[in-house]
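Q: The structure follows.
Rendered as C-alpha cells:
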C-alpha cells in the first residue's frame, strides 16, 4: 500500500472524481439536486455533498444513487480511475 | 425507480456480487482475510463481512479495500452489473 498521506490525497481525489461523474449524469438527465434527492427518498441535502466530494456514502446509497440516476454503481465509478501510485 | 421491494432485493444482490468479486481478487493475490485486513490497518473482522455481502462499507473504505487489493474501486465493481429492472 502507498504511503499514508498519498492514500489520503488519492482517496479525496477519488471522492471528487466520483462527485463530478454523478453531477454530469444528473445534469444529463435534466434533474435538479432536489429532484434527484426525492427520487432516492431524501428531502434534499444528499446529492449536494456527493457532488462536492464531501459525503462518504455507503455502498447501499451508492446503489440507490445509481438507480435514481438510471444507471449502475459500476458505471458511476467509470470516471474515477487513477494512475497507479508511484 | 423500480418498486421498493425490487430495489431491496437488487441492492442485496449487488452487495453479494461485490463481496464475491473482492474474495476472488483476494484469493488471486494469495492473501488471507486477516492479511488483507492488516493491509487496510484493521485487526481482522473487516473483509469477512464484505465478502459475505453483509458489510455496507463507505466509499472511503471501498477505496482503501481496492488499494489493499492492488486495484481500484471501478475494477472491484466490475462483476456487479445487473440487467436493468423489468
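Chains as they are written, first to last, in the working numbering: chain A, 80 to 165; chain B, 80 to 165. The C-beta atom is built at its ideal place from N, Cα and C for all residues, glycine as well.
1) May I ask which residues mark the beginning and end of the alpha helix (DSSP H) holding residue 139 of chain B?
2) Would you mind stating whether residue 147 of chain B and residue 122 of chain B have Cβ atoms separated by less than 9 Å?
3) Starting from the beta carbon of residue 161 of chain B, find every residue of chain A whose beta carbon is closer than 7 Å, and list them in chain order.
4) Relative to the C-alpha of residue 133 of chain B, which candidate in B/94, B/151, B/105 has its C-alpha closest?
5) Could you tell me which chain B residues have their CB closer than 7 Å to the CB of residue 94 of chain A, listed as they occur along the chain?
6) If you follow the alpha helix (DSSP H) that residue 152 of chain B is in, where does it begin and where does it stop?
7) Short check: CB of residue 160 of chain A to CB of residue 153 of chain B, under 9 Å?
8) Can the beta-carbon of residue 100 of chain A be found closer than 9 Å to that of residue 157 of chain A?
9) Return no unless some Cβ of chain A is closer than 9 Å to the Cβ of residue 116 of chain B.
10) Rounded to whole angstroms, what's the CA-CA distance from residue 97 of chain B to residue 137 of chain B? Just pull it up for me.
A: Taking the coordinates as given:
1) As a working mapping, residue 139 of chain B is identified with position 60 in the second chain. Note, residue 139 of chain B: alpha helix (DSSP H), 138 to 147.
2) The count along the second chain starts at 1 and reaches residue 147 of chain B at position 68. The count along the second chain starts at 1 and reaches residue 122 of chain B at position 43. Cβ distance not < 9 Å, so residue 147 of chain B and residue 122 of chain B don't count as in contact.
3) Residue mapping note: residue 161 of chain B aligns to position 82 of the second chain, counting from 1. Ordered by position in chain A, the residues that pass the 7 Å Cβ test against residue 161 of chain B are 151.
4) Against the second chain, residue 133 of chain B aligns to sequence position 54. Looking from the CA of residue 133 of chain B, the closest CA among B/94, B/151, B/105 belongs to B/94.
5) Counting from 1 along the first chain, the entry for residue 94 of chain A is found at position 15. Chain B residues near residue 94 of chain A: 138.
6) Walking along the second chain from the start, residue 152 of chain B turns up at place 73. Its alpha helix (DSSP H) spans residues 152 to 155.
7) One-based indexing of the first chain puts residue 160 of chain A at position 81. One-based indexing of the second chain puts residue 153 of chain B at position 74. Contact flag set, yes.
8) Position 21 of the first chain, counted from the start, is the residue given in the question as residue 100 of chain A. Position 78 of the first chain, counted from the start, is the residue given in the question as residue 157 of chain A. Going by C-beta atoms, residue 100 of chain A is nearer than 9 Å to residue 157 of chain A.
9) Taking the first residue of the second chain as position 1, residue 116 of chain B is located at position 37. False, the Cβ-Cβ gap to chain A never drops below 9 Å.
10) Indexing the second chain from 1 puts residue 97 of chain B at position 18. Indexing the second chain from 1 puts residue 137 of chain B at position 58. Roughly 13 Å separates the two Cα atoms.
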